[in-house]
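K.L.:
Residues 1 to 178 (full-length UniProt numbering) are what the sequence shown spells out, left to right. Yeah, the Cβ is synthetic: ideal placement off N, Cα and C, and Gly gets one too.
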Amino acid sequence: MSEGYEQHPRATVKRLPNRGKYDYGTVHQIIDDTPVLHVSFPPQGDDPFPFILPMLGCTGDFESSQKPKETASTAPGTRNPPTKAEMTSTSVLRVDIVSASAKVRVGGPSDDRHDLRDPNVVGKIWTGVVPTWTQYGEPVASSYNEVTTVPGYIQSWIKEENEKGKSTAALAIAQAKK
Numbered sequence: 001m002s003e004g005y006e007q008h009p010r011a012t013v014k015r016l017p018n019r020g021k022y023d024y025g026t027v028h029q030i031i032d033d034t035p036v037l038h039v040s041f042p043p044q045g046d047d048p049f050p051f052i053l054p055m056l057g058c059t060g061d062f063e064s065s066q067k068p069k070e071t072a073s074t075a076p077g078t079r080n081p082p083t084k085a086e087m088t089s090t091s092v093l094r095v096d097i098v099s100a101s102a103k104v105r106v107g108g109p110s111d112d113r114h115d116l117r118d119p120n121v122v123g124k125i126w127t128g129v130v131p132t133w134t135q136y137g138e139p140v141a142s143s144y145n146e147v148t149t150v151p152g153y154i155q156s157w158i159k160e161e162n163e164k165g166k167s168t169a170a171l172a173i174a175q176a177k178k
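1) For Leu171, which of Leu53, Leu16, Val130 has the nearest alpha-carbon?
2) What does DSSP give as the partner residues of Phe41 in its beta bridges?
3) Using beta-carbon positions only, say whether Glu38 and Pro54 come within less than 8 Å of one another.
4) If contact is defined by three or more beta carbon pairs under 8 Å, each pair taking one atom from either stretch, is the segment 111-118 in contact with the segment 19-35?
5) Look at Gln175 and Gly107 and say whether their C-beta atoms are less than 8 Å apart.
6) Can you list, in chain order, the residues of its chain whose CB lies under 8 Å from that of Ala169, leaving out five sequence neighbours each side?
7) Work out the CA separation of Thr34 and Tyr5 for me, nearest whole Å.
8) Determine the burial state of Ile31: buried for a count of at least 16 other Cβ atoms within 10 Å of its Cβ, exposed for fewer.
9) With DSSP as the reference, label Asp118 as helix, strand or coil.
10) Considering Cα atoms alone, identify which of Pro139, Arg79, Ser101 is closest to Lys14.
11) Report all residues from its chain with a CB closer than 6 Å to the CB of Ala11; omit the five preceding and five following residues, and keep chain order.
12) Using three-state DSSP, classify Asp23 as helix, strand or coil.
13) Check this for me: beta carbons of residue 179 and Glu161, under 8 Å apart or not?
14) Val104 and Lys21 - do their beta-carbons sit closer together than 8 Å?
15) Quick one: residues in its chain with C-beta nearer than 8 Å to the C-beta of Phe41, no 5 flanking neighbours on either side, listed in chain order?
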């Protein structure tokens, strides 16, 4: 079995192709770690403009290997059967990824050699990296919430996700300095 997606013409990175990644690990990590991702793909035919769809996504199967009791002990009191109204208004779409690519770059700026020799560029224009990451704030209760404290599993999740984002940004900065 292949360790990555086949480089199909519709998903091959054409501009700066050395930044193209096709392995399952890279593509799936981006999908799993991004709260809202924008998936783009070229349409059929001669249309030169890509379709871009904002999505919530995750890779993997919906089936869980955890037993219900184990899930309930992780987040007690949060697993209630869905109501008819919830089932009617909820849709889950399964998409099989046939071909995929990720355009990835880590590191500092890569200026033109000509610019690097120009004192008006290197001496007067700041060049560098501004780290960014997703930051989750303090939970805000709904107007009808009667639970007085934010559950620990939510607080832990926020802390872990914020630390993971900041750590990833710090790693990118470290690689930019190389």
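P.N.:
In short, the structure shows the following:
1) Val130
2) Residue pairing from DSSP places Phe41 in a beta bridge opposite Phe51.
3) Before going on, a small fix: residue 38 reads as His here, not Glu. Cβ distance < 8 Å, so His38 and Pro54 count as in contact.
4) no
5) Yes, the Cβ-Cβ distance between Gln175 and Gly107 is below 8 Å.
6) Pro131, Thr132, Trp133
7) 20 Å
8) buried
9) coil
10) Ser101
11) Ser99, Ala100, Ser101
12) For Asp23, the secondary structure class from DSSP, reduced to helix, strand or coil, is strand.
13) What the structure shows of the chain is the stretch from 1 to 178, and residue 179 is not part of that stretch, so it cannot be assessed.
14) Cβ distance < 8 Å, so Lys21 and Val104 count as in contact.
15) For Phe41, where only same-chain residues beyond five positions count, the Cβ hits under 8 Å are Arg10, Ala11, Pro50, Phe51.
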